[in-house]
Each structure stands twice: as C-alpha cells, then as structure tokens.
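Novice:
In the working numbering, the protein residues as written are -14 to 531.
1. Let me make sure I understand the geometry here. Which of 75, 61, 101, 111 has the alpha-carbon closest to that of residue 91?
2. Does the separation of the CB atoms of residue 252 and residue 293 fall below 9 Å?
3. When DSSP labels each residue in this structure, what does residue 302 get in the three-state scheme?
4. Report the start-end ranges of each beta strand (DSSP E) in the segment 467 to 530 that is 3 residues or longer and not cut off at the edges.
5. With DSSP run on the structure shown, which of helix, strand or coil describes residue 171?
6. Give the straight-line distance between the Cα atoms of residue 11 and residue 161, rounded to the nearest whole angstrom.
7. Taking residue 22 as part of the alpha helix (DSSP H), name the residues at either end of that continuous run.
8. For residue 103, does the three-state DSSP call read helix, strand or coil?
9. If I measure Cβ to Cβ from residue 36 and keep anything under 6 Å in the same chain, skipping five residues before and after, which residues do I get?
10. Report, in whole angstroms, the separation of the C-beta atoms of residue 372 and residue 389, which I expect to be a contact under 8 Å.
11. Taking only the alpha-carbon atoms, compute the straight-line gap between residue 396 and residue 380 and give it to the nearest angstrom.
12. Does residue 527 pass the burial test, meaning 16 or more other C-beta atoms within 10 Å, or should it be called exposed?
13. For residue 233, does the three-state DSSP call read helix, strand or coil?
14. Look at the alpha carbon of residue 424 and the alpha carbon of residue 273, and state the distance between them as a whole number of angstroms.
15. Could you give the distance in angstroms between the alpha-carbon of residue 470 and the alpha-carbon of residue 25?
16. Have a look at 501, 73, 143, 159 and flag the residue whose alpha-carbon is nearest the alpha-carbon of residue 44.
17. Can you tell me where the alpha helix (DSSP H) with residue 196 in it begins and where it stops?
18. Could I get the ranges of all uninterrupted beta strand (DSSP E) runs contained in the segment 121 to 149, with 3 residues as the minimum, in chain order?
19. Look up residue 332 in the DSSP assignment and give the residues it is bridged to.
20. Give me the DSSP bridge partner(s) of residue 271.
21. For the alpha helix (DSSP H) containing residue 405, name the first residue and the last one.
22. Assuming residue 260 and residue 483 make a contact with CB atoms under 8 Å, what is their CB distance in whole Å?
23. Expressed to the nearest angstrom, what Euclidean distance is found between the alpha-carbon atoms of residue 521 and residue 512?
24. For residue 119, collect the residues of the same chain with a Cβ closer than 6 Å to its Cβ; drop the 5 residues on either side in sequence, then sort them by chain order.
25. Count the other C-beta atoms from every protein chain shown that fall within 10 angstroms of the C-beta of residue 523, then say buried if there are 16 or more, exposed otherwise.
26. Considering only C-alpha positions, which residue in the set 467, 510, 477 is nearest to residue 275?
27. Can you pull the DSSP bridge partners for residue 165?
28. Hey, how far is the Cα of residue 346 from the Cα of residue 411?
29. Do residue 332 and residue 475 have their CB atoms nearer than 9 Å?
30. Comparing alpha-carbon positions, which option in 171, 194, 201 lies nearest residue 157?
31. Thinking just about the alpha-carbon of each residue, which of 414, 485, 33, 106 is nearest to the one in residue 78?
32. List the residues that DSSP assigns as beta-bridge partners of residue 364.
33. If you drop the 5 nearest sequence neighbours on each side, which residues of the same chain put their C-beta closer than 7 Å to that of residue 298?
34. Terminal residues of the continuous alpha helix (DSSP H) containing residue 89?
35. In whole angstroms, what separates the C-alpha of residue 465 from that of residue 477?
36. Evaluate contact between the segment 178 to 195 and the segment 105 to 114, counting only Cβ atoms and requiring at least three cross-stretch pairs below 8 Å.
This is the structure in structure tokens:
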C-alpha cells in the first residue's frame, strides 16, 4: 500500500482551474480532495427536491428560503410547490417568476423557519477550465441518499449557458452548480449527446432580473418543445479538457495505483461477456460481478490463461468468489469507516489505465428495480394471471404472448393470482431468463423469455433515439438490488466493473459493482467484500475443501 506522502504528488495546473492556469502553479491531490469535501458539505445541505406536478431540483440561496430552479420544472408562477430538504423534511413553497427562454425560475419557501443555504456568486467570476461541483436529486428524492455530488470542469461559457463535465441526469434539472468554494454559479438545465455536454443557466441570469422574478413575472416565456424534448443549445467554442483527463492528473493517479494494478484481472466468458476481477488472496482467489460471469469463464495472468472455478456466490451483493490454480498478488482491503461525498476514488483497469471520480453519496441499500415483463394482467378464473395488455418491444411481446393468455406457472412454480406474479417479478433481475407455462384457449404451452426493463417499452417520442443523450449510454444489466453500495461519478463501462477502487493512499476501499445511470456508478465497500470472502472461506471449510 502507498502512504499519504506518495499520494501528495504535486499536480500542475490544479488550483481553481485545471487547464487554464499559468504553468508552474501546483497543488496536491490530497489538499484538493479536502477542499472538495468541504464544499460538498455546504452544497448538499443547500440542495432541495422541487415538486410541482413533476420532479426536479433546486438550491436555497438565502436563509429565509429563496430557491433557484429551472423554469421547465415548474408549471406557472403563483402555483403551490413542495420543497424537500436534504434531510427529507417537506416544506410548503410558492412558484414565483420565471424566464422561459433562459430556463430560469424562482421559488419561495412559505413555511416558517431559517433554512440551510449557499451564497450566490457572479457570472464574472466563472472561468473556463475552473473546477465545479454539481448536485441535484436525480431520479427524485430517495430516503437515505444524500444529493449525489459530481465534480467537473467548466468547459465553456457565454452569457446564456455554462457547459461543464458534471454528469447530469433526469431529476437534476434546477439543481445547483457550485464553484470549488461551494458558491452557486449556475442552475442545471439540460444535457446533450455526450457525457461532457451538461448545460447550466449562469447565476448572472437570475441576478440581472432578480426584482422581476421576486415579483412573480413571466419573462420571455416560450412554449416547451414537442414531446417533452429539450433542445441542445447552439454549439459553443471548442471546450477545454475536463480535469480528470488532463495529463498531470492522469500521471498522478496512475502512480498511486501502480502496485494495486497487479491485482486486477480481465475475465471473459464463452458467451463473450467481459468483466474485471479483483485478486483478494494469494492462493488464487478473485472477486468479480456475479451476474456478468458466464459459463466457461477464464482470465489471463501474465501469458497464461486460466479457467475459473466458482467458490462462492453472494446474490445479495452480486459478487462471486472464483479461484485459479496460481499464486497471485492480492489487494489489501481497507475497512474504511466513512465514505464522504467528494472523496477521490481511483479505478484501476486491466489495460493499465486509471479512472478517477468522487464519492457522490455514501453506502446504502440499493433497492431492486426488478425485471420488466412488459405486460399487465389480472386474476384468471381459478388460478393464474390473465394477460390484459402486451406492450410493444417488451419481453412478453418478444415472446409472442398475447392478450387473453393465462400464465399458469413461473419457473415450474404455480402462479396463484396477478398480485402473486407481480410480487415474484419484482425479485427477478433484468436480463434473467425465465420459463412461463401458460394456457391459450384450451392448449397449454411453455415459453422461455428474458426479462427486460421499462426502457424497452418507452413510447417512440420518449425512447432514446440517435443523438439522444441516452441513446449511446451503456449500463450494467443488473444495476439494482444490492445489500450495500456507494455511488460515485466515475464514467465506467459495464465491462469495467468487478475491479478494485483505491483511495489516494493506494488502499483498496471498494470494488466496482455496476454502471447504474448517466451520472452514477456503484461500488461495494471493502468491508462488505471482506464479509463475502469470509463467508466463502467458511463454506469451503464446511465442504472440506481448501
């Protein structure tokens, strides 16, 4: 393991700006991490969820409850709004003025009290290349989850928009963009077709028309685009390089994980699935993502390829312990007691590359979203569930189930009622193959289908199309239903899961578990990995093996 002195590598150009500072200016990654964590504390406390018929985000910018948000989050000025604080407390509020063309709006908390807030900066202080932080409530407010933090770079700007590399997602609209000191410099507005196309309303837009917004005016109002799509702003100048891609940062993080990279293996199954593995013991034990391990899986160590033997599976973590007949170099799993938002995380890849991100929110249970059949059903006469509707492009549609079919059994277990089937489907992961026995007319049949996701059956005007922000996004098939996982903003591919995550000391603090969404990857804490390995040892001992 490398010690803090090794992690305190001086990195060029990493003050407030990564790529626009004079040559020679330096700061170490450890000091930057502490600065980000301090800013994150203020940022998260001031971030709120905003509900007005639909979900969005906002930021409190005064102790008496003025809230900045995006215009497309709100219906109209004067309406009732619910604001949910970072701790889950709901507050009554009122929609005030809006600037439709700029996508800016103001909300006032009407409940009595003084609220956590962050100060507003000025647009003049924002520079290309400056580090920035974004928060929001992607996918809505989730109890037990703090507002996920993302760290990025101001890539470009003009008087109407800021463009950053802070990866935004659905539900982030109206949430805040901060500078490295935790000062509000913008409001999340929209996203483009790549992960570096994230657009924000500059705080100067609010300042310029503050009195009119407070008075509840509708300014430069425009109708929303058809089908709910938000068009991308005109192309700005060539953006600067995101901070995590600059050469000094890449060099520093590569050095930190130099030893740990020996413990990363590339795994490939006979069906073509690829994933990484983390060596956890000298006697050839490796931990990887269970749902991505296919049949006849192998890994390469040096110039040799070894067949993997399954030792133990933890479905609750989606982890599997496998082994090879070879002495390996293991990571040292660190039982870190705390994963603070803003903590730097380094992901070592089998290719020799390293990716960097920050903790977005700490460890929590990730509830299972379940697979999606793409059909609705009702109780059948007697037992079973009768299909009422089959949605185009869903799993049931692909399996050629039709309205009126009576589903009798799922994986040889009788289906009692429609509610029974719904309950069981929620426990099945997307991508899982299942067998239905069903009756069509007087004839009984069986069909094998692969559970899908709701994304499969979206209407055409909502489904990702070429050029859509979500059309090229590759997510892990199983990305929910984990006993405990932390969220971070590293842009992983599904094939890059299963490998180790290091802190700035070079200690392994987690194992990557899933690419969950546009804005988040998930990792299982090292303490949980230790438990899985210990369970595997006990299971092997009980079987009389080694």
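Cβ coordinates follow ideal geometry from the N, Cα and C atoms, glycine included.
For clarity, every value in this text was computed on a predicted model and none was experimentally measured.
Specialist: The structure says:
1. Mapped onto the chain shown, residue 91 falls at position 106. Residue 91 has its Cα closest to that of 61, out of 75, 61, 101, 111.
2. Counting from 1 along the chain shown, the entry for residue 252 is found at position 267. Counting from 1 along the chain shown, the entry for residue 293 is found at position 308. Yes, they are a contact pair.
3. The sequence position of residue 302 within the chain shown is 317, counting from 1. In this structure, residue 302 counts as coil in the three-state DSSP scheme.
4. 467 to 473, 485 to 487, 493 to 500, 506 to 510
5. Residue numbering aside, residue 171 sits at position 186 when the chain shown is read from its first letter. The answer is strand: DSSP assigns residue 171 an E or B state.
6. Translated into the one-based positions of the chain shown, residue 11 becomes position 26. Translated into the one-based positions of the chain shown, residue 161 becomes position 176. Bear in mind that the predicted position of residue 11 carries a pLDDT of just 45, short of 50, making it too unreliable to give a figure here.
7. Residue 22 sits at position 37 when you count from the first residue of the chain shown. 14 to 31 is the extent of the alpha helix (DSSP H) around residue 22.
8. The residue given as residue 103 occupies position 118 in the chain shown. Three-state result, residue 103: coil.
9. On the chain shown, position 51 is the one that residue 36 refers to. The residues are 67.
10. Translated into the one-based positions of the chain shown, residue 372 becomes position 387. Translated into the one-based positions of the chain shown, residue 389 becomes position 404. Right, the Cβ-Cβ distance comes to about 6 Å (below 8 Å), so this counts as a contact.
11. Taking the first residue of the chain shown as 1, we reach residue 396 at position 411. Taking the first residue of the chain shown as 1, we reach residue 380 at position 395. Taking the straight line joining both Cα atoms gives about 16 Å.
12. To locate residue 527, count along the chain shown from 1; it is residue 542. Exposed, by the Cβ-count rule.
13. One-based indexing of the chain shown puts residue 233 at position 248. If DSSP states are grouped into helix, strand and coil, residue 233 belongs with the helices.
14. Along the chain shown, one-based indexing puts residue 424 at 439. Along the chain shown, one-based indexing puts residue 273 at 288. So the alpha carbons of these two residues sit roughly 40 Å apart.
15. The sequence position of residue 470 within the chain shown is 485, counting from 1. The sequence position of residue 25 within the chain shown is 40, counting from 1. Near 20 Å, if we compare the C-alpha coordinates of residue 25 and residue 470.
16. Here residue 44 corresponds to residue number 59 of the chain shown, with the count starting at 1. Taking only the C-alpha atoms, the option nearest residue 44 is 159.
17. In the chain shown, counting from the first residue as 1, residue 196 sits at position 211. Where residue 196 is concerned, the enclosing alpha helix (DSSP H) stretches over 195 to 199.
18. 135 to 142, 147 to 149
19. In the chain shown, counting from the first residue as 1, residue 332 sits at position 347. DSSP lists 340, 486 as partners of residue 332.
20. Counting from one through the chain shown, the residue named residue 271 turns up at place 286. In the DSSP output, where bridge partners are listed per residue, residue 271 has 264, 307.
21. Counted from its first residue, the chain shown places residue 405 at position 420. Taken as a continuous stretch (DSSP letters only), the alpha helix (DSSP H) holding residue 405 covers 403 to 410.
22. Taking the first residue of the chain shown as position 1, residue 260 is located at position 275. Taking the first residue of the chain shown as position 1, residue 483 is located at position 498. That belief holds up - the Cβ atoms of residue 260 and residue 483 are roughly 4 Å apart, short of 8 Å.
23. Counted from its first residue, the chain shown places residue 521 at position 536. Counted from its first residue, the chain shown places residue 512 at position 527. Distance between the alpha carbons of residue 521 and residue 512: 14 Å.
24. Along the chain shown, one-based indexing puts residue 119 at 134. The answer, listed in chain order, is 135, 151, 162.
25. For this step, residue 523 is matched to residue 538 along the chain shown. It counts as exposed.
26. Translated into the one-based positions of the chain shown, residue 275 becomes position 290. Here the closest residue by C-alpha is 467.
27. The count along the chain shown starts at 1 and reaches residue 165 at position 180. Answer is none; residue 165 lacks a bridge partner.
28. Counting from one through the chain shown, the residue named residue 346 turns up at place 361. Counting from one through the chain shown, the residue named residue 411 turns up at place 426. Straight-line Cα distance between these residues: approximately 25 Å.
29. Here the question's residue 332 lines up with position 347 in the chain shown. Here the question's residue 475 lines up with position 490 in the chain shown. In this structure, residue 475 lies closer than 9 Å to residue 332 by Cβ.
30. Within the chain shown, residue 157 is the residue found at index 172, counting from 1. Residue 157 has its Cα closest to that of 171, out of 171, 194, 201.
31. Residue 78 sits at position 93 when you count from the first residue of the chain shown. The residue with the shortest Cα to Cα distance from residue 78 is 33.
32. Within the chain shown, the letter at position 379 stands for residue 364. Residue 364 pairs with 370.
33. The residue you call residue 298 lines up with position 313 of the chain shown. Around residue 298: 275, 305.
34. Walking along the chain shown from the start, residue 89 turns up at place 104. Segment 89 to 94 is the beta strand (DSSP E) holding residue 89; no alpha helix (DSSP H) there.
35. As a first step, residue 465 is located in the chain shown; it is residue number 480 there, counting from the start. As a first step, residue 477 is located in the chain shown; it is residue number 492 there, counting from the start. Approximately 16 Å between the Cα atoms of the pair.
36. yes
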